[in-house]
Amino acid sequence: MVHPQALLDELERAPEIPAFEHGSRVTTRGELRELIGRFAAGLRAAGLGPGDGVGLATAVTPEGFAAQVAVHVLGARAVAVRPGLPEAQLRHILGDVAALVTDEPGPAAVPVLPVDRLRSAPYTEPVPQGRLDDIATVVFTSGSTGVPKGVAYSYRALTEGRVWRPPVPGSAHERLGAGFGRYLLFGSLASAVMVEQLGVCLFAGGTAVIPQGPPDFPGVLPRLGITAALTTVPRLHQILDVLRETDVDLGSLRRLIVAGSPVPPHKLAEAAGRIGPAMHHAYGQTETGMLTICRADEGPGSVGKACDTVEISVRDGEVWVRTPSAFAGYWRDPAASTEVLRDGWVRTQDLGFVDAEGYLHLSGRARDVVIVNAIIHYTGPIERAIAAHPDVDQAYVVAVPDERTGEAAHAFLVPAPGREPDLGEVRKAVAAELGEAAVPARFSFVPSVPVAPSGKPDKAALRASIVD
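Structure, rendered in structure tokens:
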């Protein structure tokens, strides 16, 4: 059996259950399965088959997801296209696809297949044709540091990984899915983590609820009766800002998972206090999928224990992982692939350790450093020390050129609401925890932090604001 056979079987098992809800429109599992069959037939009629690249530039809709699954039915390569890409990056991503599936027809450098045309194709039973070692999906990084890298997953990873098959009874994965009765699906189907959790939802018997327009957190949660949602760290800050001032009924919420970048421990503790046991903290990468998860009130300072099928090894302070869900390599970039793939293990380039109880603690990025007078300082611990100050809401540290020391640490601070941080006190706090040499040479106050297309804080944009 090869992906997406397990998903097709799951949809057929209970065809009357709603798979998607979007306003007044409800798409059942049976209707979704029919859409997949129609889309696969339409793609095949367009001359597409195993190994062909198919770009997917669709909105978050049942049709958008059906198109993605249909590409996999054919054994072709699904290339996710994130909305709003610069023209140069779009050309790079579409450089080797045979066709582009879009909601609306329009000019493109490759043949365009509108969703309406595929939806009207005659239904044929979807029979997966993928080969385990072929590439099934390519997800491109945000490209904030240059040309985006294509993270390539094989059909083997999607078939043998834990997400796109029924959960093992009694497993942590099954327990996670139990909270996904109504999963908030938003943003982009080019988001690997958003689609990964959609798989969790569907195999748990849940419904993906698509909001009308960008979701207004946290108000969208009770309004749509959401039980599970993903959030980034910047969005979590926004949620807490609202909850400090407004009483929002989060009684239906079972899983609010924050991921994408580190969360200061005091901020996670506040989230646990205001949101309750639904608040979870997860860690993963586009290259690996979700690696760890835990409730916000357990494993203090950690990012949780390894998920089912995930092994963690810490080598010289750096975190390596092995999981069937891991990517096969960077698309057409063997040099970059060999930097992070070794004998089935993925080098995360994150620093950390595993404690006696099995919780993974992260301390920073192996490459997220400031080199001052030839001495390496990791920015993660500095950021946490600053953010722990009661007058600071968020803190981010970047390296900037310095004529005397080579590089210097520049800290960007978002003050806590109604507070004015005393930089003298902040410097003392960092020095007390990490030593005088770790104190940033420069500080800037900012009202908010720019967010990259990935949803993570955009440290490159912060650095660009002060460095020509």
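In the UniProt record's numbering, the protein residues as written are 1 to 468.
Quick reminder that beta carbons are idealized off the backbone N, C-alpha and C, glycines included.
It should be emphasised that the depicted structure is a prediction, and the values quoted were computed from it without experimental measurement.
Supposed contact pair residue j and residue i - C-beta distance, whole angstroms, cut 8 Å
i, j, result
"L189", "L118", "Contact doesn't hold; Cβ gap of about 15 Å is too wide."
"G317", "L351", "5 Å"
"D308", "V168", "7 Å"
"G64", "Q129", "Between Q129 and G64 the Cβ distance is about 21 Å, and since that is not below 8 Å, they are no contact."
"V112", "T102", "6 Å"
"V400", "V467", "6 Å"
"V439", "A431", "5 Å"
"A178", "A204", "7 Å"
"T288", "S325", "7 Å"
"H3", "T141", "Between T141 and H3 the Cβ distance is about 23 Å, and since that is not below 8 Å, they are no contact."
"A136", "R77", "7 Å"
Cβ neighbour criterion (16 or more within 10 Å) applied to residue i
i, result
"G358", "exposed"
"G251", "exposed"
"W194", "Just to set this straight, residue 194 is Met in the shown sequence, not Trp. Answer is buried; the Cβ neighbour count reaches 16."
"F217", "buried"
"M1", "exposed"
"P264", "buried"
"T145", "Model confidence at T145 stands at a pLDDT of 43, short of 50, so the residue's coordinates are unreliable; what they give is reported in the following sentence. Burial call: exposed."
"I375", "exposed"
"A395", "buried"
"D116", "exposed"
"residue 490", "Since the displayed the chain opens at 1 and closes at 468, residue 490 lies outside it and no answer follows."
"P62", "buried"
"R367", "exposed"
Rounded straight-line distance, which links the Cα of residue j to that of residue i
i, j, result
"R223", "A335", "48 Å"
"T379", "Y183", "34 Å"
"residue 494", "L198", "Nothing about residue 494 can be read from this structure; the chain reaches only from 1 to 468."
"Q89", "P148", "7 Å"
"R131", "P262", "37 Å"
"Q349", "Q212", "38 Å"
"L240", "T124", "48 Å"
"G51", "A6", "21 Å"
"residue 518", "L221", "Nothing about residue 518 can be read from this structure; the chain reaches only from 1 to 468."
"E420", "E298", "31 Å"
"P214", "L185", "11 Å"
"R156", "R332", "19 Å"
"G49", "Q68", "14 Å"
"P381", "A108", "46 Å"
"S302", "G37", "44 Å"
"P114", "H92", "21 Å"
"residue 477", "A99", "Outside the displayed span of the chain (1 to 468) sits residue 477, for which this structure offers no information."
Contacting residues, own chain, Cβ-Cβ under 8 Å from residue i (five flanking each side not counted)
i, result
"A416", "P390, D391, V392, D393"
"G260", "V193, T232, V233, S454, G455, K456"
"R33", "L8, L11, E12, P15, P126"
"P236", "Here residue 236 is Leu; the residue named in the question, Pro, does not match the sequence. Closer than 8 Å at the Cβ level, and outside the excluded window around L236, lie V258, V263, K267, A271."
"P18", "V26, T27, T28, R29, T207"
Endpoints, the alpha helix (DSSP H) within which residue i is located
i, result
"M194", "192–203"
"E420", "It is not in any alpha helix (DSSP H) - E420 carries neither H nor E in the DSSP assignment."
"D9", "5–13"
"I36", "29–45"
"A328", "Here A328 belongs to no alpha helix (DSSP H), and DSSP marks it neither H nor E."
"L240", "233–245"
"L176", "172–177"
"S337", "334–340"
"E298", "Unbroken run through E298: none, as it is neither H nor E."
"T379", "379–387"
"A366", "Careful: A366 lies outside any alpha helix (DSSP H) and carries neither H nor E."
"D402", "No alpha helix (DSSP H) contains D402, which is instead part of the beta strand (DSSP E) from 392–402."
"V115", "115–119"
beta-carbon residue i near the ligand NAD non-hydrogen atom, thresh 8 Å
i, result
"F443", "The ligand NAD is absent from the structure shown, which contains no ligand whatsoever."
Beta-carbon contacts of residue i that lie in its chain and below 6 Å, excluding the five residues immediately before and after
i, result
"A320", "Checking the sequence shown, residue 320 turns out to be Trp, not Ala. Correct list, in chain order: S313, W345, R347."
"R442", "H410"
"V79", "G53, G55, V97, V138"
"L176", "none"
"E311", "R322"
"residue 470", "Outside the displayed range of the chain (1 to 468) lies residue 470, so it cannot be described from this structure."
"E174", "P167"
Residues near residue i in its chain [Cβ-Cβ closer than 7 Å; skip 5 each side]
i, result
"Q285", "T348"
"G329", "A152, S337, L341"
Boundaries of the beta strand (DSSP E) in which residue i is found, first to last residue
i, result
"Q285", "279–285"
"F20", "18–22"
"S154", "150–154"
"F65", "Taken as a continuous stretch (DSSP letters only), F65 belongs to no beta strand (DSSP E), being part of the alpha helix (DSSP H) at 62–74."
"G352", "345–354"
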